[in-house]
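2 protein chains.
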Amino acid sequence: MNKRSGIESKKRIINAALDVFSMQGYAKANMREIAKIAGISIGGIYLYFKNKEELYKSLINDRRRDLFNNVAATSGKSISATESLSNFLTTYLEYALKHKEFILLHIREHGFSFDIDKKREFFRQQIKPLEKIIIKGIHSGEFRKCNAKDIAKIIMASLRGVILSMALDDDVVITPKILTEFILIGLLKNGGEGKK
Amino acid sequence: MNKRSGIESKKRIINAALDVFSMQGYAKANMREIAKIAGISIGGIYLYFKNKEELYKSLINDRRRDLFNNVAATSGKSISATESLSNFLTTYLEYALKHKEFILLHIREHGFSFDIDKKREFFRQQIKPLEKIIIKGIHSGEFRKCNAKDIAKIIMASLRGVILSMALDDDVVITPKILTEFILIGLLKNGGEGKK
DNA sequence: GGTTCACATGAACAAACGTTCAGGTATCGA
DNA sequence: TCGATACCTGAACGTTTGTTCATGTGAACC
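Protein chains in written order, with the working numbering: chain A, 1 to 196; chain B, 197 to 392.
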């Protein structure tokens, strides 16, 4: 084999691992296949990662940070709560479409494998900005009065479901626009003004 | 060991398998553990199921039929589309809470393991009644004009996400009532009457 | 040329897995 | 008591897996 830089080899391994882990799940994924796809020998992987678990964790943490930065980058800019919400949803959906493999992996393995605490923390941090947007919207009079915490949970859960469905089924396409609209105005014709 | 009826043994195996599969996922689940929990020997399992895959499939198919019957039982009764929708959501949420293990298993393994076609068919059949409800609501004037297919997809995806979140996080509790309300009236204060 | 260093290899090992099978046991009708 | 039947056992087998390690190779410096 050609001589390569350590950095390049590591990158190759990470990419291959992301492929294999997301296609097969952690348990079924096998180091030999990752090595093959990365164009390196089995032993080679262990030069860069202590073991399978470390490889997996490293992967997940990288991507999490990435997603988090993406969301942070688009928040705080917009003026109205409606706009903020739209941006929030759009950022997530677009990121998810770009990184299907990561999404699949993350949802598949969430709550089962190691590092559960980190995962819960991650999700909690995802909800926080959403809750803020809703509170802002209520205060500004854009949104109806509601329990911001509950609604944030519902929206986050729905978003997860939408992303999951799109990642799983190629023929499920839900645009940020139509999702935002649905979340904003609901189904009823008269906007449910009879309710509190 | 005590002598048991074949039927009882089979039941024990199915229950144990559901536990183990949903906790560990298909790949990591191991026959010896299932046997232990079921209170039978490894060899014993193979008296009732050809192999691991058949055991898994049998499990999944049983539960799917069960859920399907549940949904079918509560549809068609109600009068207004709003009521129908509420029933639909409630049935799913309640079933999901009762059978967390199955839900976890189903979502975890969807699109990855064998029998993918059956799974897609299952999801398509889930969406159909929902779409009908929406069309009914539009015709009756209860719901705003919208693309019923798209909205059905969004609602189904959201429902999946809500169920997933509740199954994964014990502290995420979303009642059918609050979910229904949210889907019906959305977030905006004025119901978005400016939109088409 | 010799030495050092970073990078790479894949046979070998131990553990864990799904599955098989030769045999064992309780129950019951004859 | 004697099969016959239904139910059950777990050692054994072959395979696959994660991981290790003795060994190899090319480039850079002296």
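No residue lacks a Cβ here, since even glycine has one placed at the ideal position from N, Cα and C.
Neighbour-count burial assignment, residue i, 16 or more Cβ in a 10 Å radius
| i | result |
| --- | --- |
| Gln322 (chain B) | buried |
| Met197 (chain B) | Reliability fails at Met197 (chain B), whose pLDDT of 43 lies under 50, so the model's placement of it is uncertain and the value that follows must be treated cautiously. When all chains shown are included, Met197 (chain B) counts as exposed. |
| Ile275 (chain B) | exposed |
| His295 (chain B) | buried |
| Phe182 (chain A) | buried |
| Phe397 (chain B) | With chain B represented from 197 up to 392, any question about residue 397 (chain B) goes unanswered, as that position is not in the structure. |
| Gly239 (chain B) | exposed |
| Gly202 (chain B) | exposed |
| Glu142 (chain A) | buried |
| Lys314 (chain B) | exposed |
| Ile45 (chain A) | buried |
| Leu67 (chain A) | buried |
| Leu184 (chain A) | buried |
| Ile116 (chain A) | exposed |
Cα-Cα separation, residue i to residue j
| i | j | result |
| --- | --- | --- |
| Leu285 (chain B) | Leu355 (chain B) | 8 Å |
| Tyr56 (chain A) | Ala363 (chain B) | 23 Å |
| Pro325 (chain B) | Ile230 (chain B) | 37 Å |
| Lys232 (chain B) | Val369 (chain B) | 33 Å |
| Ala29 (chain A) | Gly186 (chain A) | 42 Å |
| Lys385 (chain B) | Arg340 (chain B) | 16 Å |
| Pro176 (chain A) | Ala96 (chain A) | 11 Å |
| Met31 (chain A) | Lys52 (chain A) | 7 Å |
| Ile374 (chain B) | Glu204 (chain B) | 41 Å |
| Arg320 (chain B) | Ser41 (chain A) | 43 Å |
| Ile350 (chain B) | Asp171 (chain A) | 13 Å |
| Arg200 (chain B) | His106 (chain A) | 42 Å |
| Ala73 (chain A) | Ser271 (chain B) | 45 Å |
| Lys195 (chain A) | Ile138 (chain A) | Low confidence applies here, because Lys195 (chain A) scores a pLDDT of 42, under 50, leaving its location unreliable; read the following figure in that light. In a straight line, the C-alpha of Lys195 (chain A) is about 16 Å away from that of Ile138 (chain A). |
| Asp346 (chain B) | Thr376 (chain B) | 18 Å |
| Val20 (chain A) | Glu54 (chain A) | 15 Å |
| Gly221 (chain B) | Leu47 (chain A) | 30 Å |
| Ile14 (chain A) | Asp365 (chain B) | 29 Å |
| Lys10 (chain A) | Lys206 (chain B) | 48 Å |
| Glu327 (chain B) | Glu131 (chain A) | 30 Å |
| Cys146 (chain A) | Cys342 (chain B) | 25 Å |
Chain-ordered neighbours of residue i on chain B, where CB pairs are closer than 7 Å
| i | result |
| --- | --- |
| Phe102 (chain A) | Result: empty, since nearest Cβ-Cβ is about 15 Å, beyond 7 Å. |
| Arg108 (chain A) | Arg304 |
Under 7 Å between C-beta atoms of residue i and residue j
| i | j | result |
| --- | --- | --- |
| Leu255 (chain B) | Ala213 (chain B) | yes |
| Ala81 (chain A) | Ser140 (chain A) | yes |
| Ile329 (chain B) | Ser282 (chain B) | no |
| Ser22 (chain A) | Leu93 (chain A) | no |
| Arg65 (chain A) | Ala38 (chain A) | no |
| Phe102 (chain A) | Arg63 (chain A) | yes |
| Arg316 (chain B) | Arg108 (chain A) | no |
| Ala344 (chain B) | Ile331 (chain B) | yes |
| Gly393 (chain B) | Ala157 (chain A) | A query on residue 393 (chain B) cannot be resolved here, the shown segment of chain B reaching from 197 to 392 and no further. |
| Thr287 (chain B) | Asn257 (chain B) | no |
Contacts that residue i makes with chain A (C-beta to C-beta distance below 9 Å)
| i | result |
| --- | --- |
| Val358 (chain B) | Lys153, Ile154, Ala157, Ser158, Arg160 and Gly161 |
Beta-carbon neighbours of residue i, restricted to chain A and to distances below 8 Å
| i | result |
| --- | --- |
| Val368 (chain B) | Lys153 and Ala157 |
| Asp346 (chain B) | Ile174 and Ile178 |
| Glu338 (chain B) | Leu188 and Lys189 |
| Ser254 (chain B) | Per Cβ cutoff of 8 Å: no residues; Ser254 (chain B) is ~21 Å from chain A at best. |
Beta-carbon neighbours of residue i, restricted to chain A and to distances below 7 Å
| i | result |
| --- | --- |
| Leu380 (chain B) | Gly186, Leu187, Leu188 and Gly192 |
| Ala223 (chain B) | Gly25, Ala27 and Lys28 |
| Ser361 (chain B) | Ala157 and Arg160 |
(request) Enumerate, from N- to C-terminal direction, the unbroken beta strand (DSSP E) stretches of 3 or more residues contained entirely within the segment 258-337 of chain B. (result) none
(message) Could you tell me which whole alpha helix (DSSP H) segments of length 4 or greater appear in the segment 209-258 of chain B?
(response) 227-234 and 238-244
(request) Entirely within the segment 136-188 of chain A and at least 4 residues each: give me those alpha helix (DSSP H) ranges in chain order. (result) 148-168 and 176-185
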